[in-house]
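Number 82 in UniProt numbering belongs to position 82 of the sequence shown; there are no gaps in the numbering. For each residue, glycine too, the CB sits at the ideal point set by N, CA and C. As the structure is a prediction and not an experimental result, all values here were calculated from the model.
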Amino acid sequence: MNISYQAANNRKKISRTNLLTTRQEVHHDDGLDAEQLYARGYEAWQKKDYVAALTDFTWLTQHYPGERRFHLAMAGALQMQGEYLKALTCYDHAQALDICDPAPLCEMAVCLQALGRKADAREVLQTVIEISYVDPAYTTIREKANRLLAKI
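Spelled out as structure tokens, the structure:
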């Protein structure tokens, strides 16, 4: 067995082990699992303590990168702090995890407009409107996109 094969095989074993234990990790020394941490971050969000919310949501996105709602929560906290470029990145990750849902795109348009990129915001909102016709559940997103588009 050559060395490169052994190294690659060990990486695969380590990755699988990390994947299995990641779900059991807790935040710092608080003893909170992911759901409790998300609830704490959401509570901080509701109290408009976006710094505390961002701390929790950042940890969650790093440890659970496939959980879309954590990316959305982090993006929202960043957006509320005026960190529009960083929020765009998080919304992009969330969009990639469910390409059929236009909600993150709508928030991306808000960020783009806040950055003064009105033409880009318009284009994204038009895309949101088109995508929203795929499923009647997206009617409210389409209405929001139309309202935002009218303001640009």
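Pair within 9 Å by beta-carbon distance, residue i and residue j
{"i": "Y42", "j": "A53", "result": "yes"}
{"i": "V134", "j": "L105", "result": "no"}
{"i": "L112", "j": "D120", "result": "yes"}
{"i": "L125", "j": "A103", "result": "no"}
{"i": "L85", "j": "L115", "result": "yes"}
Member of the options whose CA lies at the smallest distance from the CA of residue i
{"i": "K48", "options": "L112, G76, V110 and A87", "result": "G76"}
{"i": "E67", "options": "T55, A96 and T139", "result": "A96"}
{"i": "D98", "options": "I131, A109, V110 and V51", "result": "I131"}
Cβ separation of residue i and residue j, assumed to be a contact under 8 Å, to the nearest whole Å
{"i": "L149", "j": "R117", "result": "No, L149 and R117 are not in contact; Cβ-Cβ is about 14 Å, not under 8 Å."}
{"i": "A44", "j": "D56", "result": "7 Å"}
For residue j and residue i, the rounded distance between their alpha carbons
{"i": "A137", "j": "K151", "result": "24 Å"}
{"i": "E107", "j": "R142", "result": "12 Å"}
{"i": "residue 160", "j": "A87", "result": "Not covered by the structure: residue 160. The range shown for the chain is 1 to 152."}
{"i": "E35", "j": "T140", "result": "27 Å"}
{"i": "G31", "j": "A39", "result": "14 Å"}
{"i": "R147", "j": "V51", "result": "29 Å"}
{"i": "Q46", "j": "W59", "result": "18 Å"}
Residue-level contact to chain B via CB, residue i, 9 Å cutoff
{"i": "V110", "result": "Here there is only one protein chain, and chain B is not present."}
Any non-hydrogen atom of the ligand ADP closer than 8 Å to residue i Cβ
{"i": "A73", "result": "The model on display carries no ligand, and the ligand ADP is accordingly not part of it."}
contact_flag[the region 59-72, the region 89-100] where n(CB pairs < 8 Å) is 3 or more
yes
Stretch pair the region 81-88 + the region 55-63: three plus CB contacts closer than 8 Å:
no
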